[in-house]
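Enquirer:
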Amino acid sequence: MSAIEWSALAAIVTAALSFAAGRRLAGGSVNTSTADRLWKEAGAIREALRIEIEDLRAEITTLKHDAEEREGEISALRAEVREKERQIRDLRSENSRLSRHVDELERRLSILDPAGGAP
Numbered sequence: 018m019s020a021i022e023w024s025a026l027a028a029i030v031t032a033a034l035s036f037a038a039g040r041r042l043a044g045g046s047v048n049t050s051t052a053d054r055l056w057k058e059a060g061a062i063r064e065a066l067r068i069e070i071e072d073l074r075a076e077i078t079t080l081k082h083d084a085e086e087r088e089g090e091i092s093a094l095r096a097e098v099r100e101k102e103r104q105i106r107d108l109r110s111e112n113s114r115l116s117r118h119v120d121e122l123e124r125r126l127s128i129l130d131p132a133g134g135a136p
């Protein structure tokens with residue numbers, strides 16, 4: 018090979034190596050900056066989700082407390098309903114007894130005053 022050919026070959030090899038090295042350096046910085054940006058975005062997403070999870074846990078705790086209070090209120094209302102139902106049964110029984118008593122008194126009155134009139 019002649020000197021010119023060697024020079025041309027050396028120039029081509031040098032250009033190819035320079036291109037490959039430049040591409041690798043540029044590619045690495047692009048990938049690094051992209052990875053860094055993606056990592057930061059993922060971190061921001063994780064932080065937002067962590068905050069949302071904390072908020073939801075607090076809301077669940079509040080809702081559980083409210084549910085327990087409502088269960089207590091419902092239990093008290095059920096006891097009150099049972100008491101009112103018992104009172105209604107007692108009053109109906111008393112009403113029936115008094116109605117029979119009134120019927121008996123009216124029967125006795127009709128025996129004492131068969132005319133049923135006032136003086």
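Residues in the sequence shown are numbered consecutively from 18, following the working numbering.
Where is the CB? At the ideal position from N, CA and C, for every residue including glycine.
Keep in mind the model is a prediction, meaning the values are calculated, not measured.
Taking 8 Å as the limit between beta carbons, can you name the residues of its chain near H118, skipping five residues before and five after?
Expert: none
Enquirer: May I ask you to report which of helix, strand or coil DSSP gives D83?
Expert: helix
Enquirer: In angstroms with no decimal places, state the Cα-to-Cα distance between S35 and A25.
Expert: 15 Å
Enquirer: Rounded to whole angstroms, what's the CA-CA distance from K81 to E90? Just pull it up for me.
Expert: 14 Å
Enquirer: Between the C-alpha atoms of A93 and D83, what's the straight-line distance to the nearest angstrom?
Expert: 15 Å
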